[in-house]
Each structure stands twice: as structure tokens, then as C-alpha cells.
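Those protein sequences? They're chains A, B and C, same order as listed. So the working numbering is basically just the index in the first sequence, starting at one, shifted up by 4. So the working numbering is basically just the index in the second sequence, starting at one, shifted up by 4. So the working numbering is basically just the index in the third sequence, starting at one, shifted up by 4.
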Amino acid sequence: MSSFSIRAASLLAAAAALPGAAWAQSSVTLFGTVDVGIAHVTGDNSSRTGLAHSGANISRIGFRGTEDLGGGLSAGFWLESGFAPDTGLGTANGGLAFNRRSTVSVMGPFGELRLGRDDSATFLNALIFDPFLTNGVGGTNAFVMNGAPIQISNAISYFLPPNIGGFYGQLQHAAGEQLNTAPTAAGEYNGGRFGWRGGAFHVSGSLAKLQGTTQALDVRIRNVGASYDFGVAMPMLLWASEKRGTVEIRATQLGVKVPVGAGEIRAQVSRYDTVGSNADWTKVALGYGHNLSRRTQVYGAVARIHNGAGAQRSIGAQGVAASGTNLGGKSTGFDVGIRHFF
Amino acid sequence: MSSFSIRAASLLAAAAALPGAAWAQSSVTLFGTVDVGIAHVTGDNSSRTGLAHSGANISRIGFRGTEDLGGGLSAGFWLESGFAPDTGLGTANGGLAFNRRSTVSVMGPFGELRLGRDDSATFLNALIFDPFLTNGVGGTNAFVMNGAPIQISNAISYFLPPNIGGFYGQLQHAAGEQLNTAPTAAGEYNGGRFGWRGGAFHVSGSLAKLQGTTQALDVRIRNVGASYDFGVAMPMLLWASEKRGTVEIRATQLGVKVPVGAGEIRAQVSRYDTVGSNADWTKVALGYGHNLSRRTQVYGAVARIHNGAGAQRSIGAQGVAASGTNLGGKSTGFDVGIRHFF
Amino acid sequence: MSSFSIRAASLLAAAAALPGAAWAQSSVTLFGTVDVGIAHVTGDNSSRTGLAHSGANISRIGFRGTEDLGGGLSAGFWLESGFAPDTGLGTANGGLAFNRRSTVSVMGPFGELRLGRDDSATFLNALIFDPFLTNGVGGTNAFVMNGAPIQISNAISYFLPPNIGGFYGQLQHAAGEQLNTAPTAAGEYNGGRFGWRGGAFHVSGSLAKLQGTTQALDVRIRNVGASYDFGVAMPMLLWASEKRGTVEIRATQLGVKVPVGAGEIRAQVSRYDTVGSNADWTKVALGYGHNLSRRTQVYGAVARIHNGAGAQRSIGAQGVAASGTNLGGKSTGFDVGIRHFF
Chain A
5 MSSFSIRAAS
15 LLAAAAALPG
25 AAWAQSSVTL
35 FGTVDVGIAH
45 VTGDNSSRTG
55 LAHSGANISR
65 IGFRGTEDLG
75 GGLSAGFWLE
85 SGFAPDTGLG
95 TANGGLAFNR
105 RSTVSVMGPF
115 GELRLGRDDS
125 ATFLNALIFD
135 PFLTNGVGGT
145 NAFVMNGAPI
155 QISNAISYFL
165 PPNIGGFYGQ
175 LQHAAGEQLN
185 TAPTAAGEYN
195 GGRFGWRGGA
205 FHVSGSLAKL
215 QGTTQALDVR
225 IRNVGASYDF
235 GVAMPMLLWA
245 SEKRGTVEIR
255 ATQLGVKVPV
265 GAGEIRAQVS
275 RYDTVGSNAD
285 WTKVALGYGH
295 NLSRRTQVYG
305 AVARIHNGAG
315 AQRSIGAQGV
325 AASGTNLGGK
335 STGFDVGIRH
345 FF
Chain B
5 MSSFSIRAAS
15 LLAAAAALPG
25 AAWAQSSVTL
35 FGTVDVGIAH
45 VTGDNSSRTG
55 LAHSGANISR
65 IGFRGTEDLG
75 GGLSAGFWLE
85 SGFAPDTGLG
95 TANGGLAFNR
105 RSTVSVMGPF
115 GELRLGRDDS
125 ATFLNALIFD
135 PFLTNGVGGT
145 NAFVMNGAPI
155 QISNAISYFL
165 PPNIGGFYGQ
175 LQHAAGEQLN
185 TAPTAAGEYN
195 GGRFGWRGGA
205 FHVSGSLAKL
215 QGTTQALDVR
225 IRNVGASYDF
235 GVAMPMLLWA
245 SEKRGTVEIR
255 ATQLGVKVPV
265 GAGEIRAQVS
275 RYDTVGSNAD
285 WTKVALGYGH
295 NLSRRTQVYG
305 AVARIHNGAG
315 AQRSIGAQGV
325 AASGTNLGGK
335 STGFDVGIRH
345 FF
Chain C
5 MSSFSIRAAS
15 LLAAAAALPG
25 AAWAQSSVTL
35 FGTVDVGIAH
45 VTGDNSSRTG
55 LAHSGANISR
65 IGFRGTEDLG
75 GGLSAGFWLE
85 SGFAPDTGLG
95 TANGGLAFNR
105 RSTVSVMGPF
115 GELRLGRDDS
125 ATFLNALIFD
135 PFLTNGVGGT
145 NAFVMNGAPI
155 QISNAISYFL
165 PPNIGGFYGQ
175 LQHAAGEQLN
185 TAPTAAGEYN
195 GGRFGWRGGA
205 FHVSGSLAKL
215 QGTTQALDVR
225 IRNVGASYDF
235 GVAMPMLLWA
245 SEKRGTVEIR
255 ATQLGVKVPV
265 GAGEIRAQVS
275 RYDTVGSNAD
285 WTKVALGYGH
295 NLSRRTQVYG
305 AVARIHNGAG
315 AQRSIGAQGV
325 AASGTNLGGK
335 STGFDVGIRH
345 FF
């Protein structure tokens, strides 16, 4: 089969009707991940087996690009849609949507101004200190314990420029878009994160408040993480808190990544405490990813949750619903799969 | 990060099962717009601020291509999806869909035959004589006053060929797809537009009827516009009418685009009259777009609506709902944003 | 208008936060079909005319690629979304989704292991022995007579390697994903197909069971087809059965493709029998496709259904609903359209 180059060009909404348009050269990047596997999850009284997805990395497809504006300025865009390859469906009532990220940016020596739907600053900070990147049966629970957002709509972010001695940071505001007669701008998110990377060391913290329709539904999110790459192993620590109204859940986790030839061992112990309550749980996870190439990996993980008397958390996988547990019960899961970047 | 060329190839639905396919070379174009900004809209008693989108150009992503068939003939396709970058969602229950345009065409010396969902002829003619291209707080109301369609499904269009002395034109029929036992083919659209461009002068008119489920719900659309490019300024006029049953709303608008260095000032005064009623309103709008490059623009606009005693129109922005007005009230809005073509 | 090459690159979910990634070179293929036409369908008492789509080939857009892993191994992915160009809508509540196919594969001398949503083995086998490829007014009814799936979610397939003397085959299991306390894994599909191509001869059969929520709702699918390419004509036979609970419907069809210059005549006679009932029907279809190029075809077809006393099947087209028939009645349809591959 012969094939041919795609050509991408900019054009106006009504190019045929609006003559005289001419366009600068630039490039668009198509990227994505397809990650499919098999998961088996067990609760106290039953189990479930099925085709899972995104056990190592989120399955997604996206388009992004940058344009040099001269004078040290550049513009960029990023459109990214998640999907579930076990069913082919997207996340907007089954349809594909750019609700993982859809942003336009202006970048310069001052840093980056970014507008649109994006990862929340607090989620990003939980992601990077989890050996499992929040995915699969082994992934951390520390980013969705009690109402924190993963992505956030209507966001304006300012990012510090790169190359400031290893420091990086982000301030993020997401508009609530309520009438000014409302007592509170429900949905408004205000947060930020700040970190430093130097040599093998990396430390970062984030903080945010998501406004609810009443003050009792406000969610306050805090987390701080650190990692050190010893070469033979890279341990990482994360402490996180989500407080919704008066209920606060805290996570403390110790993870490690150990390179082994073309692969990587991942392990993590996490403790989740509901303050002033016995709705606590502990999770242990062990996994391995074997790189067949830089783009293709086969992986597997096993994990177990022990619930305190007041908790009944269970392990599910993307695409395979949890089997359910009793209060104070246990849940186990494992997955194996193939992850392919393009 | 290394990168690599995308290669596009045609293949059959079941290429693996159907051997012997071989394909001509051709090109596919990926194109799109990401336009995000901030809007503030005010009604009589409240206001609203939020992240808006598509203030200068509609945010969208598309794929299109043409194929030379030899003998002066060519074939083409165009698939285009709109989306809201403030939330990442598309317009089909939140999912992306090619409901801005999804057509296949055969073109030749005779002109173009185009099949599929497409812009309505009457919308296109209102778009091109609006300095704001129907977008943002400043955009005209003259294309959706009283039930006229923007895009239309099930459409067959014939377009005159280019290069006939500046004349252009389109006939458009959209099938109602009703049973022949129905009294009327609800949804059937029959229309056309015809224009002439010569030197700095451009004039064009369009006419259509959209059938309702009863005759009283039929929508009749007429509009005619003209512009003249003096170089220092390009004034444009539009007169439009939408009659649904016995209610007719008419628009008369005078717009102007003034090039200023790398930017463009846009201004417009519009009068909307409901015939035989005081449900009338007036809109004034002033905007500016500054091109950082041919692809990237920062823009802003401010607009105000004065309602007659029987009207309560208000200014909203894409992604930010209007704040609401009283009968006879006023509404104001402004937006600033970044528009990036790719 | 200048244009520029798309560049595709792989990147990690949080590339900015996870340094050190570097990527192998590879290629991604964008492909698709836009097929739009006009259909007229007639039942006993009424008719309907409208814009139809996918009369010759399913309208779709997709992304696929392969990566050489070395040592005879390769990895691949395939993401494919169907859509209706008469309305621009996709099939997931109107949104686009990769529910035609979303798979990741590992291939080697052993064959192919494929995970994700995919065509069912039984559908594929009905498709390839239909001169109309299941599409348009002429397409076979033999793949959706009584509850058989076209695509299937949660599937794991093993395919035999190519180049084993013309033999090919597939085993397919799709997980039901039920709790192990359920009496049956509803939705579980277990099937396979096996065929042989040698010279002008092709024969293939398939077999599957789709589990219902109760045994009475199980669907058992069997079909076997053969074709021989005489050069001047290629006759093809298909026998198929779908049994849902106690109701079995069988199809016997004889089709033929006749190359005529740049075109192809397609014809088929099909008999559908409900075992032990007079809910039987017969379909005859005649069509022609004329290739304007290898990518662009104009086509037309006419078809007629004669229902037995207990049946009331009628001819519809993609995008144009059937007009309806009486028990024992007749239905006729024709379509003409343009199909374009990209």
C-alpha cells in the first residue's frame, strides 16, 4: 500500500469567503496512548475479571503545537481526549471530547499564560510522586479521596519560566461563572504548586480550594511530595490532605521505582486516614513494567486494600468495576497489560 | 524529543480481508482554531464573569482533502468539529462530532456538487458582512433572530464554478426525510445565495425557507449585504429578515473594519425590529484584534444592547451565559482573548 | 496557502514533569471514508426520500500505526470512529467514539495478540462474502438477523500468522465482566473463524456464542462462505444462522461481483428463513460502482424484499429510516452516492 504525507495548514473559519489569508509555517503534533490489559479484582464475597484499560498510562489521543512569534514569544495549543479502548468510548456521554486538556498559551521570558480546561495543579502534584502515575490497580488514591478535581474547566494558569535554578511553579484560577447575586462562586478553584528539582532531588507542594455551592461543600486540597534518584532506586514520598466541609482525609505514602534492565519495579505503601474517624484504609501495591521499546511496555501489578472498621474501599481498574467489600473488609486486584505510545 | 512524519493512507473497511487494494497519492489537511478568553456580561440586576471561548473565531478541529481525478474533475471531503475549549466539550451531548461540516464533493468545470451536513447558505451570507464574524460579545444577532439554521443536515448543494467574472452562487436543498404521508416535509430547507466580487466591491444576497411541522412554523430567511474596501477602512452593510409564521424580525446593520498596523478595529451598529411590535433592540459593538502573527491574535471587544419596551435581549459570550435583562432593559458585555489557528 | 508537515511524536502523560523520555521513530496513519448519497425507500403504503450515507463503505475516520520491536516482533494500535456525514454525528449519543475499533496488538511469528474493542469474528465472516459489504440498500441482512453483535467490547483475539499456506484464523473471547456470583457472564462472547485462500478460491467459516442475561437470551451464530474469482465474475455464497433462545433465523445467499471496465456490477439473491415459522423473507439486490479513481467511486443500487406471511422486514438506508411494511408485504429501495477514501 502506498502512503502519503499529511499536510496541515491553518485556515480561517470561512476561508472561501475571506480572501487574502496567508499563513506562517508551523508544526502540529499528533500523540496518544493505547493501554489495554486484563484485570481481576476481588472483594470480600465476590470477584470480577474483565478487560481493563490504562493500567500503566491513560489511554488518550491529542493534537498540540507551538508557534514562534519572534521576540522570545511563542504561542501554543494542546487538545487531548481520553478514551476507554476496552469499549472505544470517550468520557463525554460516551463521546470523545478534549476534556483532558484544551488550552491555548502564550509563552515568553515571563513564563506561560495558559487558558482553558487543564489538569488541576493539585492533581499534577499527586501524580508525579506515585510510581504508578495514579493508574491501574496499584495507583494511588491520594488525588480523589474526598472531592478534589482531576481536570478543571474555565482555568487560567500562570507558570513560572523554565531555567530559574530548578524552581518551577504554577498559579491556577478557575472561574465559577456564577451570577454575582449568588453567595459563593460554586466551582471556583484557586490553587497553585511550587517545586524544585536539583540533581537527583525533587520536592514539590500544592494547595487549592474548590468552592462548593455552600461553604460546607468547599474542598480544600494540600499535598507535598519528594523523591531522590539514587540510580539503583528512586524512593518517593507523598503527603496529601483533602478536606470537604468538616471531613478531612489524609494520605501518607512511600513509593519506590527500581530500574531492572529494560524494566522497572514499582512498589508503594499508602495509609489513608479519615481524621477523627475509623474510616481509614491501607494500600500496598507491587508492579513491574517491561519495556519492549521506548514506546511499548508490558506491565503487571498486584495490590491489596485493608479497610479499617469504618471504611469499605475496594480496588477497581479502569474498565472493570470493583467487586465490593464490607466495612472493615479487604480487597485485592491484579492487572497485566500492554501500553503503546504513539 | 524526536518526532516523525505522519503518513496518511487510504484503506478499505476490511483491508486485511480484501486483498489487492492499491491507492493513489494524495494529501489530507489537518486544521483548527483554539480561541479562549475572558468575558464579563452585565444585565439590569446582575453580572457574570467567566472563561469564554471563540470570541474571535469558532474553536474547531477538522480534516479535509482533495483528489485530482483527471479530466478537470476532482473529489474532496471536509470533516469539521466544533468544541468549547473552556470545558473541552463538543456539541453532541458533550462529545465531538463533525456537525459543523461533513461533506463529500465532486468538482469540475461545471462547479461543485456537495453532499452532507454543511453551513446553511443563509448563515454564510450573514457571516461575511459582520466585522465580528458572528463571534464574541460584538457579533451580529442577524443569523439566529427567529429560527434560522446555522448548519443544516441532509444537504445537497450546487456551487457555481470560480472564475466567472467575480460571480459566485449556491443552491442548497436539505431533505426533510419525512414519510410521504406527512402533510409537509418538516426540516426541509430550500435556499440559495448569489454574489459578485469586483475589485474592492462585494455584494451578495441569500434566500431560504425552512419547513416546520406545520405551515405556521415555517421559517423564511432573506438577507443581502455589501462591502467596499477603501483601504483605510472597509464599511459593510447587512439587511436581514427572518419570518417564522406571522412573526418577522428584521436586522439592519452597518459595520466597519479599519486596519491599524498589525491590528484591526471592528465596529458595528445594528438595529433589530420585530415587525408590528415593540420587541425591538439596538446593539452597538467596538472591538480590536492585534495579530501577533498570521495565526495568533489577541483581541477584545465591548458591546451594549438597548431593548425596546417589548424586548429583553442580553449579551452572552460562548461559554459564559448571559446575565439576563428586564423588558426594555440594557445589557453590556466585554471580552478579551487569544485566538490561535493551526 | 502554504502548508506544512504534521509531525507526530510520542510523549508521556506528564512529559513536563517526568524528564528523560526519548522516543523511537515511527509512523501513524490517518485514514477514513466519507460516503454520502440519496436513498428512496418504499413500503406498502408510503415512501421516504432523504440524504443517506455509507451506501458503499462505512463512513469513518481512524488512526493506526505499527512499531518494529526487533526480533521479529512488532506492536500496533488501531483507533477507528464511525460517523454519519448526513448529520455529522457519531455513534456515542451523537459523539464520535472509537467504538468501531480501539485495539493494541503484539505481533510476531506466532501470530497476533489483540486487545480491545473490535469487529466480532462472526460479523467479519458475513461481511467478506457480501458483494455489498453489508452496506446500502443492497447489503446483506445476514449479520444482524437475530441479535448477533457487529463490534464487541472487552475482546481478546488471537490471530494465526500470515503465510501459512493460505490458511488464516482467529479465536476471540470477550469478557462479560459480571460478578462471579451471577449465574452467567452476560455479554461474554466466545467465537472464532477459520479460512483458506488459494489462488482464486476462498472459503471461511465462523462460530460464536454471545451469552445473554439468561440462557434463553443466548445468541448462537454460525456462518460459512465461499467465493471463486473466475476473472470475468466472482460468485460468492454465504450460509448463516443466528439462534436466540429457541428462535433460529437462517440465511442463504448467492452473490456475484462482475468487473466492467472501471466499474463493478454487484448482485445478490438472499433467502432468510425463520425455522418452524413463516417469518421468512427474500431479498434481491442489484448495484453498480464506478471508480473515478482508486479512492473515489460513484455507486447505485436497487433492492427489493418480499416478506412471507409472518414477516414485515423493510429496506432502509443508513441515515434514511425505512418506510415500513405490512406482514407479508413488500419493500423496495434504491440509492445513489459518492464514496471517497482518504
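For glycine and all other residues, C-beta sits at the position ideal for the given N, C-alpha and C.
Could you work out which residue in C:336, C:235 and C:210 is closest to residue 140 of chain C when comparing CA atoms only?
Of the candidates C:336, C:235 and C:210, the one whose C-alpha sits nearest the C-alpha of residue 140 of chain C is C:336.
Is residue 130 of chain B helix, strand or coil by DSSP?
Residue state, collapsed to three classes: helix.
Segments assigned beta strand (DSSP E), at least 3 residues, entirely inside the stretch 91-123 of chain C:
105-112 and 115-123, all fully within the stretch 91-123 of chain C.
Residue 51 of chain C - partner residues in DSSP beta bridges
C:46.
I want to verify the contact list: residues of chain A whose CB lies under 8 Å from the CB of residue 121 of chain C, in sequence order.
Within chain A, the residues whose beta carbon sits less than 8 Å from that of residue 121 of chain C are 89, 90, 91 and 92, listed in sequence order.
Cα separation between residue 1 of chain A and residue 56 of chain A?
Coverage of chain A is limited to positions 5 through 346, which leaves residue 1 of chain A absent and any answer about it impossible.
Taking the straight line between their C-alpha atoms, what separation do you get for residue 329 of chain C and residue 181 of chain B?
Approximately 17 Å, taken between the alpha carbons.
8 Å Cβ cut-off: residues of chain A touching residue 160 of chain C
42 and 55, listed in chain order.
If residue 92 of chain A and residue 103 of chain C are in contact, beta carbons under 8 Å, what's the gap, nearest whole angstrom?
That belief holds up - the Cβ atoms of residue 92 of chain A and residue 103 of chain C are roughly 4 Å apart, short of 8 Å.
If we call anything under 8 Å between Cβ atoms a contact, is residue 211 of chain C one with residue 226 of chain C?
The Cβ atoms of residue 211 of chain C and residue 226 of chain C sit closer than 8 Å to each other.
Counting only beta-carbon separations shorter than 8 Å, does residue 96 of chain C have a partner in chain A?
Output row for residue 96 of chain C: interface = yes.
Identify every residue that forms a DSSP beta bridge with residue 195 of chain B.
As computed with DSSP, residue 195 of chain B is found in a beta bridge with B:176 and B:212.
Give a yes or no on contact between the stretch 268-285 of chain B and the stretch 172-192 of chain B, applying the rule of three or more CB pairs nearer than 8 Å.
Output reads no: the stretch 172-192 of chain B does not touch the stretch 268-285 of chain B.
Counting only beta-carbon atoms, is residue 300 of chain C nearer than 8 Å to chain B?
Yes, residue 300 of chain C lies at the interface with chain B (some Cβ there is under 8 Å from its Cβ).
By the DSSP assignment, the beta strand (DSSP E) with residue 286 of chain C in it spans what residues?
Start and end: 285-295.
Between which two residues does the beta strand (DSSP E) harbouring residue 345 of chain C extend?
Segment 334-345, the beta strand (DSSP E) holding residue 345 of chain C.
Answer with yes or no whether the minimum CB distance from residue 258 of chain B to chain A is below 8 Å.
Chain A, which has no Cβ nearer than 8 Å to the Cβ of residue 258 of chain B, makes this no.
Within 10 Å of its beta-carbon, does residue 250 of chain C have 16 or more other beta-carbons around it, so buried, or fewer, so exposed?
With fewer than 16 Cβ atoms within 10 Å of its Cβ, residue 250 of chain C is classed as exposed.
Rounded to whole angstroms, what's the CA-CA distance from residue 206 of chain C to residue 241 of chain C? Just pull it up for me.
In a straight line, the C-alpha of residue 206 of chain C is about 10 Å away from that of residue 241 of chain C.
Using the DSSP secondary-structure output, state which residues sit across from residue 321 of chain A in a beta bridge.
In the DSSP secondary-structure assignment, residue 321 of chain A is bridged to A:324.
Beta-ladder partner(s) of residue 154 of chain A, from DSSP
DSSP, once it has assigned bridges, lists no residue as partnering residue 154 of chain A.
What residue from C:76, C:68 and C:112 has the CA that sits closest to residue 105 of chain C's CA?
Selected option, being the one with the closest Cα: C:68.
Step through the CB atoms of chain C and report whether any lies within less than 8 Å of the CB of residue 77 of chain B.
Output row for residue 77 of chain B: interface = yes.
On the DSSP bridge list, what partners appear for residue 78 of chain A?
Under the DSSP definition of a beta bridge, residue 78 of chain A partners with A:72 and A:111.
Which residues bound the beta strand (DSSP E) around residue 299 of chain A?
Neither: residue 299 of chain A is in no beta strand (DSSP E) and is coded neither H nor E.
With a cut-off of 8 Å on the beta carbons, I'd call residue 284 of chain C and residue 315 of chain C a contact; round off their distance for me.
So it is a contact: roughly 6 Å between Cβ atoms.
Just how far apart, CA to CA, sit residue 18 of chain A and residue 177 of chain B?
Confidence at residue 18 of chain A is low in this model, with a pLDDT of 28, below 50, so its placement is unreliable and no value can be given for it.
In its own chain, which residues sit with a C-beta less than 6 Å from the C-beta of residue 111 of chain A, not counting the 5 before and 5 after it?
Leaving aside the five residues that flank residue 111 of chain A on each side, the residues in its chain whose CB is nearer than 6 Å to its CB run, in chain order, 78.
Could you name the residues that DSSP lists as bridge partners for residue 220 of chain C?
Per DSSP, none; premise fails for residue 220 of chain C.
Can you tell me whether DSSP reads residue 186 of chain B as helix, strand or coil?
It is coil, neither helix nor strand.
Does the separation of the CB atoms of residue 274 of chain B and residue 144 of chain B fall below 8 Å?
Taking 8 Å as the cut-off, the Cβ atoms of residue 274 of chain B and residue 144 of chain B count as close.
Give the straight-line distance between the Cα atoms of residue 231 of chain A and residue 36 of chain A, rounded to the nearest whole angstrom.
Each residue's alpha carbon lies about 27 Å from the other.
Assuming the contact rule is C-beta atoms closer than 8 Å, residue 98 of chain C and residue 96 of chain B should be a hit. Round their C-beta distance to whole Å, please.
Yes, residue 98 of chain C and residue 96 of chain B are in contact; Cβ-Cβ is about 3 Å, under 8 Å.
Residues bridged to residue 258 of chain C (per DSSP)
Within the DSSP bridge table, the entry for residue 258 of chain C names C:241 and C:273 as partners.
List the residues of chain C that residue 109 of chain A touches, going by C-beta distances under 7 Å, in chain order.
None at all; the shortest Cβ gap to chain C is about 12 Å.
Taking only the alpha-carbon atoms, compute the straight-line gap between residue 168 of chain A and residue 113 of chain A and give it to the nearest angstrom.
Just so you know, the alpha carbons of residue 168 of chain A and residue 113 of chain A end up roughly 11 Å apart.
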